[in-house]
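Taking UniProt numbering, the leading residue of the sequence shown gets 1, the next gets one more, and so forth.
The next block holds one structure in the form of structure tokens; read it before the comments.
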Amino acid sequence: MKNSVTLQPVNYVNGELNLPGSKSISNRVLLLSALSYGTTIIKNLLYSDDVKYMLKALSQLDIKYSLNKNKSECIIHGISGPLHIIKKITLYLGNAGTAMRPLLAALSLKNNQVILTGDARMQERPISHLVDSLRLGGAVINYINKERYPPLYIEGGFKGGEIIVDGTISSQFLSSLLMAAPLAELDTTIIIKDILVSKPYIDLTINLMKNFGIIVKVLNNYKIFYIKGNQTYISPKVFLVESDVSSATYFLAAAAIKGGCVKIRNMKKNSIQGDISFVDVLEKMGVSITWKENSLICKKNHLFGITMDCNHIPDAAMTIAMLGLFSDQLVYIKNIYNWRVKETDRLYAMTTELRKIGANVQEGNDFIIIYPVKKFLHATINTYNDHRIAMCFSLIALSGVPVTLLNPICVNKTFPSFFEKFHSICQYSKKL
């Protein structure tokens, strides 16, 4: 793909889609399968940049796996215990948080000599809260360049026990501790300091661990987590990855703005992904939603503004922000400080780029307010190498003006076929 792409104005949106598997589920299941007793066949795997980093890392750690021809199915042979490698190695993980954080915890269980590093942005994303928690359990981990940030040198030694973790920055820190804890020597009690962000992602992790035979006790309203030590993950033999609900939000929003209707297959109302509550938000905003047994139909109806706390759905909240451009009233999204420590500072990036297309936006430390746009402008959008910025701003093509996206290939992080899928539901006044 070129260094930029210009999406032409879309007249109408209509169609049916199958979407790739969830990134959050794919990388968690790959790691759990590697740690398990038995062989796991993972179906509907998302084969994206983040998943490739996890697969390459597992390969370097001597985990055996094979992929089918179209890379949607992975057979992975578990080692029935913690990750351990005798030689000193370096694992490069790009900007894949769903690989960096869980691998850090998993590699802390045994004596290892592993360097975890990533790209320039990953080296700006704080990881000290997870490192501090692992050190409380006995892990020896050192910062190589800058305190609090990757790259890291892991020597191992995590034994479990009573662990305190700060929950205010990323739910991935707690998820990583939860996945490592069953393999520790001691029983582990994890105590949450301050407020736990993105709770649905914790539920997702706990649900996946249950699929591999491990039960996590959740106490005191998500303040304490108890996991028995010296356990073994047991492969479920076959695991089907749900379609990515975060990816679905862009197409559902497109239908809400410019439909027609969009039907997304392989989606369930009882999905284990937290972003499924985005559908409830659409209904509150006046959009028509119909659930079928294994699919969802979204039809354009009305689009009211909304004010809501989106701490539990930070990724989907970006799509909600885009809906504010097309709604009757403002959209006010609160409690999203964690946007600032994602692939880029998303609060700054969204505010800066939305103003380019003619939007009136207010940015706070942990909130954003978007007012309906009176006149859209054709602008060139800096995507900050952030897949979600690129996918969100594709929706500007529904405004009646074109939009130019720099570095569109960044969607490969989670959704390599995004533009192909987007064009498949769009009708244009002239052939592209």
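Don't be surprised by glycine CBs; every beta carbon is placed ideally from N, CA and C.
In this text, all values refer to a predicted model and were calculated from it rather than measured experimentally.
Asked                                                                                                        : Found
Ile214 vs Ile191 beta-carbon contact at 8 Å                                                                  : no
Pairwise C-alpha distance: Ser66 and Tyr153                                                                  : 29 Å
Whole runs of the beta strand (DSSP E) within the stretch 321-352, excluding any shorter than 3 residues     : 331-334
Three-state class that DSSP yields for Gly259 in the structure shown                                         : strand
Secondary structure of Leu432, DSSP reduced to three states                                                  : Confidence at Leu432 is low in this model, with a pLDDT of 46, below 50, so its placement is unreliable and no value can be given for it.
Three-state class that DSSP yields for Arg148 in the structure shown                                         : coil
Inter-residue CB distance, Val245 and Gln273 (contact presumed, cutoff 8 Å)                                  : 4 Å
Distance CB(Glu353)-CB(Phe393) smaller than 8 Å                                                              : yes
Same chain, Cβ closer than 7 Å to Asp50, neighbours up to 5 away in sequence not counted                     : Lys23, Asn27, Ala96, Thr98, Ala99, Lys413 and Thr414
One or two residues paired with His77 in a DSSP bridge                                                       : Thr39 and Lys64
Backbone CA spacing between Val10 and His312 [nearest angstrom]                                              : 31 Å
Distance between Gly305 and Asn365 (C-alpha atoms, nearest Å)                                                : 21 Å
Counted within 10 angstroms of its Cβ, other Cβ atoms place Glu107 as buried (16 or more) or exposed         : Checking the sequence shown, residue 107 turns out to be Leu, not Glu. Label assigned to Leu107: buried.
Proximity to Thr404 [Cα-Cα], best of His423, Ile381, Ile389 and Phe419                                       : Ile381
The alpha helix (DSSP H) enclosing Gly97, as first and last residue numbers                                  : Gly97 to Leu107
Whether Asn338 touches Ile169 by CB criterion (8 Å)                                                          : yes
Cβ-Cβ distance between Gln172 and Arg121 below 8 Å                                                           : no
Rounded straight-line distance, which links the Cα of Gln427 to that of Ser176                               : 43 Å
Unbroken alpha helix (DSSP H) run spanning Gln172, endpoints                                                 : Ser171 to Ala180
Nearest neighbour of Asn230, chosen from Ile202, Phe158 and Tyr222 [CA to CA]                                : Phe158
For Tyr233, three-class secondary structure by DSSP                                                          : coil
Rounded separation between Asn301 and Ala256 - CA only                                                       : 7 Å
In DSSP terms, what Leu240 is bridged to                                                                     : Lys43
Heavy atom of the ligand MG within 7 Å of Asn266 beta-carbon                                                 : Absent from the structure shown: the ligand MG. Ligands present: none.
Outcome for Tyr53 when other beta-carbon atoms lying within 10 angstroms are tallied against a minimum of 16 : buried
Burial state of residue 456 (16 or more Cβ within 10 Å)                                                      : Limits of the chain in this structure are 1 at one end and 432 at the other, which puts residue 456 out of reach.
Gly137 versus Asp187: straight-line alpha-carbon distance, rounded                                           : 11 Å
Simplified DSSP state of Gln427, which is helix, strand or coil                                              : strand
Within 8 Å, strictly: CB atoms of Leu17 and Lys421                                                           : yes
Beta-carbon proximity list for Pro182, same chain, < 6 Å, skipping 5 on both sides                           : Ile214, Ile227 and Gln231
Neighbour-count burial assignment, Leu178, 16 or more Cβ in a 10 Å radius                                    : buried
Between the CA atoms of Arg265 and Ile399 - distance to the nearest angstrom                                 : Reading the sequence as shown, one finds Ser at residue 399 and not Ile. One C-alpha to the other measures close to 26 Å.
Residue range of the alpha helix (DSSP H) that includes Val287                                               : Looking at the DSSP string, Val287 is not in any alpha helix (DSSP H), and its letter there is neither H nor E.
Sequence-distant residues of its chain with Cβ nearer than 7 Å to Asp275 (five each side left out)           : Val245, Ser246, Thr249, Ile313, Asp315 and Ala316
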